[in-house]
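Visitor: Chains as they are written, first to last, in my numbering: chain A, 1 to 541; chain B, 1 to 319.
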C-alpha cells in the first residue's frame, strides 16, 4: 500500500512536469483580440481605433540576439556596432525607412560632380555633439581622416584630398568616379573629435581605448551605460537638432542570445520590442499572441558553384542550368520560411530596384535538368558537395537541396562547417564545389557591387563564374551618372547573371521586428541597419 | 605536509604546462582563421583585402612562427598579460574582470545550495532508509542527475516567469546595484546550476552515511544511550563527508561547464558565455586565457580539498 502511494506520488510529479507547460496561468502581456487570420508577412492592423498621435515619454525596453563591441571607434565598427550606434550617432546620409531612397541626415544636401571629380556635402547648421561642441565641416573631415588613416573607409582609395570649404560645406576630391562613392562616404557616423582627443589626453591609444567603450555623437539619444553582452541604455538628448524629437525618454536594450528566452521575455511583459528576429516560427507565434510585426528585407539565399579551379565541372553552363532546373524554389521557400520567404528566380528580390518583373529563366523542370546533365556527359549523374555554415536555416536548406538534386542523379554531400572554416572558404580561400550563402540586400541595389560586383568586398573575384558581358554591365552600372541609367544597367546585369546561371538564387529570408501593440516603430522595414528611433513612441500602457 | 604541498605544486605546474600546450596547439589545428571571422563580420562595411588581413595578423603576432607565438603567450601569461581579444578588441584581463565575478557569484551560491541541500537531503534519506522520505528522495535524485540544465532552464522560465510571473525571465544585475532585483534574477539560474549538485551530493551522502551507520563506534554510541541527533551529527556525519568533499571539487568543474548553458539561456554575461562566443569566433587569445585560468582554479581547489581530507580524517597522512 505504502509503495503504491509512493509510486503514485512519483507519477503525479512526472505528470505535473509534463502538463505544466500547457497550463494557463498569467495572462499574455498583450490583448488577444487582434486579427490573426492574415498570416502574410505584412503589418497586421488592429480593429481598435488608431491612437491620436505620438506621445512623449516612456522607456522602450528592447531585446536583441546580437550585441555591439565597439561604441565609436569607427575603424573597428562592424555593421552590428553601427546598428546599435544609431540612437546616439548619425551619418551624413542614410536610407529612408519607408521608400527605397537615400535621404539626408547630418548633410542637408549633397552634390556629385563627375566631371570635376568632387562630392560636396552641405551640412546641417546648429547641430551640436553631446559634449556641446559644434558639428561642422572640420569635425566631418576629422572623422573621415580617422577612418582613412586606419584604411577602413569604404572606397577610401578613391579620395584624393578633403577640402573644408566653409563651416558647413565639405568637399571631397576623388581620383575617379563611381556612383557608389557619395553614399559610401555619406554612410559614415560622426563623432566628436574633441571628446576623442580629450579622453586620451594626447595619448592616441588611450583615446582609441576610450572610444571602444564610449561615444559622443549628435544623435537623439545619449549613450549612458554599456555593459558588454548584457545591457545598453540610451537617454534622451534634450538638445537634439530635430525639433520636438525624440518622443521616448530612454531606450534600454538587453542582450538575449537564446530565442526561447527572448520570446518568453516578450510574453512575460518584460520587454516591449524584439528588434531582430530571424526565426519565422517565433514571429508567427507572437503575431498570433497579438504582437505587432514589422518585416524587413531579409537576406538573399543562393547556391554558388565554384569555378576557381580550371578543371571545375561548374564551368559548364549546362550543369549550372541543371542545378537551377532541379530545385523547386517555391516549395523550398515555403517549407523553410513557413510561407514568409520569397522564392527567387533572379539575382534580385521583388522590391529591389533592379528587379526584372516576370524574369524566370529556369522554372522547376526535372526533365530539362536530366537532359542537360546527359548533354554535359553526366547521364549517370554526378557527385558534389554543398558547403554551408552551422546555422539551422542553412542546414535545412542544404538538406532539402540534397533531396531535390538526388531526384536528377546528383549525389550531394552536405559539409557543415564551423564559422571559421566557412568564412575562410567564402571570403578567402574559396570552396571546391557549391557554397550555400546568405548575402545582404540594400535598398539602393548597392549590394550587387558589395557581393557580386567586378571587385566585390566579400566573395573574391574568381570564385564565382562571371561572364565578360556581366562584368562589363556591372562596370558600366557603377559609373552611370544618372539614376535611370543606373537602374537600367543593374537590370541588364541581373538578366545576364540569370542567362549565365552565375549563381542559383533560392529564396529571400525575412527578418522581423516584433513589438507590443502599444509600441510604434518602423524599425527593420527598410534594413536592419536603419532605425529612426527618434520617431518611435509608445502609447500609454 | 610542506613536502606534500611542494610535490603537489610541482605536479600542478607540470599539468599546467601540458594544458597550455594542448590548448594552444589544438586551437591552431582547427580549420579556419579567426581574423577572417572578424573581418567577415565587418565585411559589408570594410574591404576584405589581403592587406587588411596581413595587418591584423601582424597586430596579433600571428605572423610569427608557431613556437615563437607559444613562447610569447606563456611569457605574457607569466607577466599576467593574457593578450588582446581578436573578436572583442579588448584586453583579456579586462574581459575576465567583467565576467569572472558574475560566474563565481552564481557558482558559489549554486555550490553552497547544492552542498547544503545535498547533504541534508542525503542525510534524511539515509537516516530514514526505506521510509517515505527515502522513497521520494531517491527517485528525485535520479532525475536531478540526468536532467539537462538547458531543458530545466527553459521549463523554469516557462512556468515561473512566463506563466506565473513570479520571477524575471532572464538578465543579471549586480547585487551592489539592486540587491532585490539581483536576487530575483539569480533564483532560476541557481536552481539550474545546482540541480545536478544537489542530486549527486544527496546520493553520495546517502550511500556514504549508510556505510558509516552500521559501524561499531556508532553502535557503541547507541549503546551509550546518546541521542540520535548527537550520534548522527557528531559521530556519523563527519566521517561520511570525505567522499562528499570530493564531489565539491568535481562540482566546481561541473559549475563552469553548466554555466556555459545556463548563462546562455538566462542571458547572463559570465565566463560561460564568453567561452561560447570565443570558441565560435575561434578567438584563440580568449579561449587560451580562460582555459588557463580555469585550470589554475581547478588545480588549486583540488589541492585544498586534498588537504581538507586530513582535517576530516586524521588517519590520512601526506607522505
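From the three backbone atoms N, C-alpha and C, an ideal C-beta is built for every residue, glycine too.
DSSP state of residue 222(B), grouped into three classes?
Guide: Residue state, collapsed to three classes: helix.
Visitor: What is the DSSP secondary structure of residue 71(B), counted as helix, strand or coil?
Guide: Residue 71(B) falls in the helix class under three-state DSSP.
Visitor: Tell me the DSSP secondary structure of residue 231(A) in three-state form.
Guide: strand
Visitor: Would you say residue 90(B) faces chain A, with C-beta separation under 8 Å as the test?
Guide: Taking 8 Å as the CB threshold, residue 90(B) lines the interface with chain A.
Visitor: Roughly how many angstroms separate the alpha carbons of residue 26(A) and residue 271(A), rounded to a whole number?
Guide: Since pLDDT at residue 26(A) reaches only 39, below the 50 mark, its modelled position is unreliable, and the value read off the structure follows with that caveat. Going by the C-alpha atoms only, they are around 16 Å apart.
Visitor: If distances are taken between C-alpha atoms only, which option among 481(A), 278(A), 254(A) and 354(A) comes closest to residue 341(A)?
Guide: 278(A)
Visitor: What residues from the segment 142-170 of chain B come within 8 Å of chain C, judged by C-beta to C-beta, listed N to C?
Guide: Given the protein chain composition of this structure (A and B), no chain C is represented.
Visitor: Would you say residue 452(A) reaches chain B, if we count a Cβ-Cβ gap shorter than 8 Å as a contact?
Guide: no
Visitor: I'd like to know whether the C-beta of residue 70(A) is nearer than 8 Å to at least one C-beta of chain B.
Guide: yes
Visitor: Taking all protein chains shown into account, decide if residue 519(A) is buried (16 or more other Cβ within 10 angstroms of its Cβ) or exposed.
Guide: The residue in question, residue 519(A), is buried, as its Cβ has 16 or more Cβ neighbours within 10 Å.
Visitor: Any chance the segment 419-439 of chain A sits against the segment 23-37 of chain B, with 3 or more Cβ pairs inside 8 Å?
Guide: yes
Visitor: Tell me the rounded alpha-carbon separation between residue 61(B) and residue 27(B).
Guide: 15 Å
Visitor: First and last residue of the alpha helix (DSSP H) that includes residue 557(A)?
Guide: Outside the shown range of chain A, which is 1 to 541, sits residue 557(A), and nothing can be said about it.
Visitor: Pick from 92(B), 125(B) and 69(B): whose alpha carbon is nearest that of residue 135(B)?
Guide: 125(B)
Visitor: Which residue comes first and which comes last in the beta strand (DSSP E) that contains residue 246(B)?
Guide: Segment 237-265 is the alpha helix (DSSP H) holding residue 246(B); no beta strand (DSSP E) there.
Visitor: Looking at the secondary structure, which residues open and close the beta strand (DSSP E) in which residue 59(A) lies?
Guide: 59-64
Visitor: According to the Cβ coordinates, are residue 170(A) and residue 140(A) closer than 8 Å?
Guide: Contact flag set, yes.
Visitor: Can a CB atom of chain B be found closer than 8 Å to the CB of residue 256(A)?
Guide: Under the Cβ criterion of 8 Å, residue 256(A) is counted among the residues facing chain B.
Visitor: Which ranges does the alpha helix (DSSP H) cover as unbroken runs of at least 4 residues, wholly within the segment 6-52 of chain B, from first to last along the chain?
Guide: Taken in chain order, the unbroken stretches of alpha helix (DSSP H) that lie wholly in the segment 6-52 of chain B and span 4 residues or more are 34-41.
Visitor: Could you please give me the residues that DSSP links to residue 505(A) through a beta bridge?
Guide: 302(A)
Visitor: Any beta carbon of chain A sitting closer than 8 Å to that of residue 60(B)?
Guide: no
Visitor: Do residue 129(A) and residue 195(A) count as a contact pair if the criterion is CB distance below 8 Å?
Guide: yes
Visitor: By DSSP, does residue 95(A) sit in helix, in strand, or in coil?
Guide: strand
Visitor: Can you give me the start and stop residues for the beta strand (DSSP E) that residue 294(A) sits inside?
Guide: 292-295
Visitor: Using a 10 Å radius around the Cβ and a threshold of 16 neighbouring Cβ atoms, would you call residue 320(B) buried or exposed?
Guide: Limits of chain B in this structure are 1 at one end and 319 at the other, which puts residue 320(B) out of reach.
Visitor: Quick check: the Cα distance between residue 215(B) and residue 251(B), rounded to an integer number of angstroms?
Guide: 29 Å
Visitor: In the segment 124-166 of chain B, which residue ranges form an unbroken alpha helix (DSSP H) of at least 4 residues, counting only runs that do not cross its ends?
Guide: Entirely contained in the segment 124-166 of chain B, the alpha helix (DSSP H) runs reaching 4 residues are, in chain order, 132-146 and 149-156.
Visitor: Using three-state DSSP, classify residue 389(A) as helix, strand or coil.
Guide: In the structure shown, residue 389(A) falls within a strand segment according to DSSP collapsed to helix, strand and coil.
Visitor: What are the residues of the segment 501-527 of chain A that lie near chain B, defined by any Cβ-Cβ distance shorter than 7 Å?
Guide: none
Visitor: Report the rounded CA-to-CA distance for residue 529(A) versus residue 366(A), giving the unit in angstroms.
Guide: If you take the alpha carbons of residue 529(A) and residue 366(A), they lie about 40 Å apart.
Visitor: How would you list, in chain order, the residues of chain B whose beta-carbon sits under 8 Å from the beta-carbon of residue 463(A)?
Guide: In chain order: nothing, as chain B lies at least about 12 Å away.
Visitor: If you follow the alpha helix (DSSP H) that residue 254(A) is in, where does it begin and where does it stop?
Guide: First-last for residue 254(A): 250-255, but that is the beta strand (DSSP E), not the alpha helix (DSSP H).
Visitor: So residue 200(B) is in the beta strand (DSSP E); what residue range does that whole segment cover?
Guide: Taken as a continuous stretch (DSSP letters only), residue 200(B) belongs to no beta strand (DSSP E), being part of the alpha helix (DSSP H) at 179-212.
Visitor: If you draw a straight line from the C-alpha of residue 254(B) to the C-alpha of residue 264(B), how long is it?
Guide: 16 Å
Visitor: Since I believe residue 275(B) is in contact with residue 290(B) (beta carbons under 8 Å), could you give me their beta-carbon distance rounded to a whole number of angstroms?
Guide: Between residue 290(B) and residue 275(B) a beta carbon distance of about 5 Å is seen, short of the 8 Å cut, so the two are scored as contacting.
Visitor: To the nearest angstrom, how far is it from the Cα of residue 397(A) to the Cα of residue 141(B)?
Guide: 41 Å
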